[in-house]
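Read the structure below first, then the notes.
This is how it looks when you write it as structure tokens:
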């Protein structure tokens, strides 16, 4: 089991940034926000429907068939990939493997405000406030004195809110830094409302806006990073996003558990909400100074990987290597 878990982690580390970057190539910049939102709709819909289907399958056939059904479901994904018309993709010119590419990606993300701010916001919120797998069981048992049914209702309410937030994101033409700050602010306020809820019913009502704001925050961060990252760096930037989003759990989970033991569950949730509000305020201050708006963000050039890539910068062309549908990727256009 440990070996399978480790192998799954390795595959996820490779799969997530590749899959996130591929969204851009499928739809292009104009429809990226809609695609990210629709992806969130699918994910959160499956989180609502999936447990019910799994419970029915476990009750009728056992646990093992669930894994076989899950494995078989990937056949549909592979078939969809094979049926894609590759000539219609917004392809990015392939980058040769060179020493220092990871360092170049880190330098690019740090130097570019439009990338640095969302990544730092994601790091803080994911570590200190987005640890519901730890918080919700403790909140259900220790604060509300309820059992598994109440915990399921809390997660379902959060899933419904997340679905609403995903639909709102899918309806937007383009993401904005104002939406990023607003969703972060809403997530912090909803966390404080959950921490202050006097009873189970109030906590249940706080879960829906918490889920909506959380999905808006994650989806907006994802879309802004892809839109503002140079095409040659997009994969590396999304790898950083995946590392921050998933890698914060080993740090945030134990930290949340320790805080819950020291100061109580309510104060742990409240501290996460306060940290989120502070993050929103700091981001608003930085972005106001930079006067950033969606569509007006002109990211400075990142480190070129090849001399030809550097020539594109010097010529004033986009170094992304982005190719419109039907064109072959080339650095010598």
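In the working numbering, the protein residues as written are 1250 to 1582.
For glycine and all other residues, C-beta sits at the position ideal for the given N, C-alpha and C.
Remember, it's a predicted structure, so these values are computed and weren't measured experimentally.
{"Item": "My output table needs one value for residue 1626: the three-state DSSP class, helix, strand or coil.", "Value": "The structure shown has nothing for residue 1626, since the chain only spans 1250 to 1582."}
{"Item": "Decide if residue 1451 is buried, meaning its Cβ has at least 16 other Cβ atoms within 10 Å, or exposed.", "Value": "exposed"}
{"Item": "Please classify residue 1490 as buried or exposed, where buried requires at least 16 neighbouring CB atoms within 10 angstroms.", "Value": "buried"}
{"Item": "Can you tell me the Cα-Cα spacing of residue 1261 and residue 1495, whole angstroms?", "Value": "10 Å"}
{"Item": "Please go through the same chain and pick out, in chain order, the residues whose beta-carbon is closer than 6 Å to the beta-carbon of residue 1442, but skip the five residues on each side of it.", "Value": "1455"}
{"Item": "Quick test of the definition: if touching needs 3 or more C-beta pairs under 8 Å, does the stretch 1357-1367 touch the stretch 1397-1415?", "Value": "no"}
{"Item": "What number of angstroms, rounded off, separates the C-alpha of residue 1323 from the C-alpha of residue 1538?", "Value": "46 Å"}
{"Item": "Quick check: what's the CA-CA separation for residue 1367 versus residue 1476?", "Value": "12 Å"}
{"Item": "At the level of alpha carbons, what is the spacing between residue 1259 and residue 1487?", "Value": "16 Å"}
{"Item": "In the DSSP assignment, find the alpha helix (DSSP H) that holds residue 1376 and state where it starts and stops.", "Value": "1362-1377"}
{"Item": "Roughly how many angstroms lie between the CA atoms of residue 1440 and residue 1522, to the nearest whole one?", "Value": "5 Å"}
{"Item": "Just the C-alpha distance for residue 1468 and residue 1424, rounded to the nearest angstrom, thanks.", "Value": "9 Å"}
{"Item": "Consult DSSP for residue 1318 and reduce its assignment to one of helix, strand or coil.", "Value": "helix"}
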